[in-house]
Every structure is written in C-alpha cells, then in structure tokens.
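Residue numbers (the working numbering): 8 to 279. In this text, a Cβ means the ideal position worked out from N, Cα and C, and glycines have one as well. Notes to accompany the following structure.
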C-alpha cells in the first residue's frame, strides 16, 4: 500500500478506542503496521467514564486490518515499565523495526481543587506523566536502531493553558509539554523528533455524559471559569480522526525538520 507511512511501524498506547484507535487506524490507512497497546481493564477509582475492554482492543485490530496492514495488540499498563518494555520488545522483534510512537494513554478526573485527593493526584500523574515517560523509555532505543523516527506525546489544551476543575490533569499535561522539550533535546542526535499534540474537547468515550456531569457539577462552584476553553470556530468538539491526522503528519517525512513543537488542535481555544 502506498502512503506517507508506507514501510513504517508505529506504536500507539491507549489504542482500544477513542483517540488511540483513531491514531492506529489513520496510521494504517497511511501504510504503517501498528503495535496497539491498552490497559483494556479497570481504571482507577473516581474516573467517571467506563474502562476500555479487550473487545474494544479487538475492534481496533479489525479496523486496522481493513486497511490491509499488520497489527499486534497487547494488554499492558503504561504504569508498569517492565511489562511495557516486554510487550514493545516482542512486537518490534516480530515487525523488525519501530519508526513512530504515539504516547496517547491518559485519564482525567474532574473535581474542584478542594475535592481532589492524594489518590486522584497520584493516579493522574502515574498514568499521564509516568506512563508517557515509560512509553518513551520502552521504545526510544528501537527508534535509534531504526535510524531515527518520530515520538508524539499527547498533551492537551490543559498543557498550554489550564483546564479548570482538573488540577492534577492540568499539572500532568504541563509536565508532558516539558517532557517533549527534554526528550527532543537529547534524542535529536539520533534523528528522533519529539513533538506534542494539544487537543481541546474531543468527541471520545472520555467525554461521556458522566464526565460532562462531573465537570458541570464542579463548574457550578465557580461559573466564571466555565467560559474558558471555547473554540473560535463554529465546531465545538474535535473528532478523533482530526487529532490522528496531525499525528500522522508528525510521523511522516513531511515533518522531518519539526521537533520540540507543541501543536494545538482545539479551534484556538487555548488563546481564549
């Protein structure tokens, strides 16, 4: 199959559904083989939306295979570096190389600052920060062995500005923005580019009615902050495929001289 990513292999975490599935499918449509990793099991307490399942991960497999590409799926927790490294090493041994990484797995728990608990903060940082770091640590040497590549860290609108009523989430996504710069600086000598994508509101299972209700309840305590984060455009929410299109561009040779950039895909919301 011809395409911008023909002959490449991409790793995607949080690949069972939502943005992760969109990345996997878009990369496959551009000619890449895919390593799709997901927890596919219970999320930490207080996460308001339902967990992804093994059935969701299998559907990602089906969608990728419709494009005639190979896919290896694995159930793994990004918080566990040893487990993640084992799954990535096994998949790369099968495919023979790794060219692109999308560190997509993450959680959000909307609560007011005084309702946030140590457990909420720890869970958010463990997945959204340590999990991203683990993903890079488990994969970067494979990109070095492939002669270079692209690492794409999924941050957020909250990593450029602030998402009210999510102190832990905002903190974690700012950390990912800094991590992007730090890895870009050191991995550049290996021709590895590291960039971050900053979505605003995206129509995924993470933004289900329970999450909206939790955010609405928190916003009711300080209505003035509810005006933040609105897109300049008529479109209110991004579709997962619109985020995946940016990731595919960053993984392609069209972006071969772009590194340590932080691309907002939020309709301008972080400027509001």
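Ignore the nearest five residues each way along the sequence and tell me which others in residue 217's own chain have a CB closer than 7 Å to its CB.
Taking the first residue of the chain shown as 1, we reach residue 217 at position 210. Here the set comprises 55, 56.
Classify residue 141 as helix, strand or coil using the three-state DSSP reduction.
Within the chain shown, numbered from 1, the residue matching residue 141 stands at position 134. In the structure shown, residue 141 sits in a helix (DSSP, three-state: H, G or I).
Report the partner residues of residue 206 according to the DSSP bridge assignment.
The residue given as residue 206 occupies position 199 in the chain shown. Per DSSP, 272.
Considering only residues of the same chain and omitting the five flanking positions on each side of residue 136, which have a CB-CB separation below 8 Å?
Start at 1 with the first residue of the chain shown, and residue 136 comes out as number 129. Here the set comprises 179, 182, 183, 186.
Tell me whether residue 265 sits in a helix, a strand or coil according to DSSP, three-state version.
Locating residue 265 in the chain shown gives position 258, where the first residue counts as 1. In the structure shown, residue 265 sits in coil (DSSP, three-state: anything other than H, G, I, E or B).
Between which two residues does the beta strand (DSSP E) containing residue 112 stretch?
For the purposes of this step, residue 112 is identified with residue 105 of the chain shown, where counting begins at 1. Counting along the chain, residue 112 falls outside any beta strand (DSSP E), and DSSP gives it neither H nor E.
Give the DSSP-derived three-state secondary structure of residue 146 in the structure shown.
Taking the first residue of the chain shown as position 1, residue 146 is located at position 139. Helix.
How many angstroms separate the CA atom of residue 146 from the CA atom of residue 73?
Mapped onto the chain shown, residue 146 falls at position 139. Mapped onto the chain shown, residue 73 falls at position 66. Cα to Cα, the separation comes out at about 26 Å.
Whose CA, out of 26, 79, 50, lies closest to the CA of residue 44?
The residue given as residue 44 occupies position 37 in the chain shown. Minimum Cα distance to residue 44 is reached at 79.
On a Cα-Cα basis, can you pick out the residue from 30, 110, 159 that is closest to residue 141?
Along the chain shown, read from residue 1 onward, the residue named residue 141 stands at position 134. It is 110 whose Cα lies nearest to the Cα of residue 141.
Are the Cβ atoms of residue 59 and residue 81 separated by less than 7 Å?
For the purposes of this step, residue 59 is identified with residue 52 of the chain shown, where counting begins at 1. For the purposes of this step, residue 81 is identified with residue 74 of the chain shown, where counting begins at 1. Cβ distance not < 7 Å, so residue 59 and residue 81 don't count as in contact.
Do residue 285 and residue 114 have their C-beta atoms closer together than 7 Å?
Residue 285 cannot be examined here, being either before or after the span of the chain that is shown, 8 to 279.
Who are the Cβ neighbours of residue 212 in its own chain at under 8 Å, not counting the five residues just before and after it?
As a position in the chain shown, residue 212 is number 205, starting the count at 1. Closer than 8 Å at the Cβ level, and outside the excluded window around residue 212, lie 24, 25, 56, 57, 59.
Is residue 26 helix, strand or coil by DSSP?
If you number the chain shown from 1, residue 26 lands on position 19. In this structure, residue 26 counts as helix in the three-state DSSP scheme.
Locate the beta strand (DSSP E) running through residue 156, then write down its first and last residues.
Residue numbering aside, residue 156 sits at position 149 when the chain shown is read from its first letter. It spans 156 to 161 - the beta strand (DSSP E) in which residue 156 sits, taken as one unbroken run.
Sorted by chain position, which residues of the same chain lie with C-beta nearer than 7 Å to residue 242's C-beta, five sequence neighbours on each side aside?
Indexing the chain shown from 1 puts residue 242 at position 235. Within the same chain, residue 242 has close Cβ partners 274.
Residue 48 to residue 194, Cα distance in whole Å?
Reading the chain shown from its first residue, position 41 is the one you call residue 48. Reading the chain shown from its first residue, position 187 is the one you call residue 194. If you take the alpha carbons of residue 48 and residue 194, they lie about 33 Å apart.
Going by the beta-carbon positions, is the gap between residue 106 and residue 15 smaller than 7 Å?
Working through the chain shown from its first residue, we reach residue 106 at position 99. Working through the chain shown from its first residue, we reach residue 15 at position 8. Closer than 7 Å, so yes.
Is the beta carbon of residue 163 closer than 7 Å to that of residue 205?
Translated into the one-based positions of the chain shown, residue 205 becomes position 198. Translated into the one-based positions of the chain shown, residue 163 becomes position 156. Yes; because the gap between Cβ atoms is below 7 Å, this pair is in contact.
Is it a yes or a no for the stretch 247 to 266 touching the stretch 24 to 41, going by three-plus beta-carbon pairs under 8 Å?
yes
Residue of 154, 167, 119 minimising C-alpha distance to residue 233
Translated into positions along the chain shown, residue 233 becomes position 226. For residue 233, the nearest C-alpha among the options comes from 119.
Do you know offhand how far residue 17's Cα is from residue 167's?
By 1-based counting over the chain shown, the position of residue 17 is 10. By 1-based counting over the chain shown, the position of residue 167 is 160. The straight-line gap from Cα to Cα measures roughly 26 Å.
In or out: residue 200 buried (at least 16 other Cβ within 10 Å) or exposed?
Numbered from 1 along the chain shown, position 193 holds the residue referred to as residue 200. Buried, by the Cβ-count rule.
Keeping to the same chain, check which residues put their C-beta closer than 6 Å to that of residue 160; ignore five residues upstream and five downstream.
Against the chain shown, residue 160 aligns to sequence position 153. Once the five neighbours on either side are set aside, the close Cβ partners of residue 160 are 110, 139, 183, 187, 203.
Just to confirm the assignment, what range does the alpha helix (DSSP H) spanning residue 250 have?
Indexing the chain shown from 1 puts residue 250 at position 243. 247 to 258 is the span of the alpha helix (DSSP H), which, as asked, contains residue 250.
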